[in-house]
Amino acid sequence: MKVVIIFAFICNIAFAAHVYPEYLKQYRCKASSENYSECFLNKLRNTLPYYVKGIPELDIPPFDPFTLPIYSRNVNILGNKISATFKNSIVTGLRNSIIHNAKVDLNNNYAEISVTIPWLDMATEYDISGEFFQYPLDVKGTFKGNITDIQLFSKSTLQTFKNNGEDYYKFDKINQKVQIGGGHIEITTTDKDLMPIVQTIQEYFNEHPRGFFNLILPFTLEYAQDLLREFGNEYLANLPASEWLPQ
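Residue numbers (mature numbering (1 follows the signal peptide of the UniProt record, and there is no 0)): -16 to -1, 1 to 231.
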């Protein structure tokens, strides 16, 4: 789920000359902060509106709406190998995120974050091929969905590496747990012969959104973690570690 990207330690794009914006420095937490976890939680809450709108000084694009022109990956769902490409993806609703808790261990570069997102609207064009229980798949179409009451719990660790003699951060381990309250989807396909199958999937999700979501959860989390790692590392690489975590 693309939503987890917004809680990626708030970062940037590759080894360019960037400067931490003055208007964000008032929220920055120092390593010497008496209660770093509390400071980090307040930072996330106070800076969320800036990241929602985007921060040009750090080449950070808007997160609401979050747009992704194209993204492809190979996945394994219940033992079935499937290739999926998503184009012109748009997600709205991240601005409504409620950040409940944050826990940070600076000695181990570790953080936990718990978030509620009241609702998300999603739209994308999909192209899926492969086999599903020996049934050949080659289907294209559109997907629209509304997901409600999203509960996210994320654990992440960072590691440092050297670039031009300075330390930089990148993601090491990422783990998430996600639950949803409900949802509604609309799916179309360019293949009229597959429309009955697509309609069956759509009807099943709309009648049992939580059960269906749990079925595809492993794929969803893997997809979200890949996006988080890819974009998060680009953002983190914009500034040395000393800028993200001043002493």
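Cβ atoms here follow ideal geometry from the backbone N, Cα and C, with glycine treated the same way. For clarity, every value in this text was computed on a predicted model and none was experimentally measured.
Collapsing the DSSP output to three states places residue 99 in a strand. DSSP, read as helix, strand or coil, puts residue 26 in helix. Under the 10 Å beta carbon count, residue 119 is surrounded by fewer than 16 other beta carbons and is classified as exposed. Listed as beta-bridge partners of residue 162 by DSSP are 136. A straight line joining the alpha-carbon of residue 153 with that of residue 173 spans about 42 Å. Between the alpha carbons of residue 158 and residue 89 lies a gap of roughly 15 Å. The alpha-carbon separation between residue 185 and residue 139 amounts to approximately 32 Å.
Your pair residue 57 and residue 188 does not check out as a contact, with CB atoms roughly 24 Å apart and the cut at 8 Å. Counting C-beta pairs closer than 8 Å gives three or more between the segment 75 to 84 and the segment 46 to 60, which meets the contact rule. Residue 192 counts as exposed, since fewer than 16 other beta carbons sit within 10 angstroms of its beta carbon. By the neighbour-count criterion, in which a residue is buried when 16 or more other Cβ atoms sit within 10 angstroms of its Cβ, residue 27 is buried. Membership of residue 67 in the beta strand (DSSP E) is indicated by the continuous run 64 to 76. If you draw a straight line from the Cα of residue 177 to the Cα of residue 209, it comes to about 34 Å.
Annotation for residue 87: the continuous beta strand (DSSP E) segment containing it runs 82 to 89. Remark: fewer than three beta-carbon pairs, one from each stretch, lie closer than 8 Å, so the segment 62 to 69 and the segment 87 to 107 are not flagged as touching.
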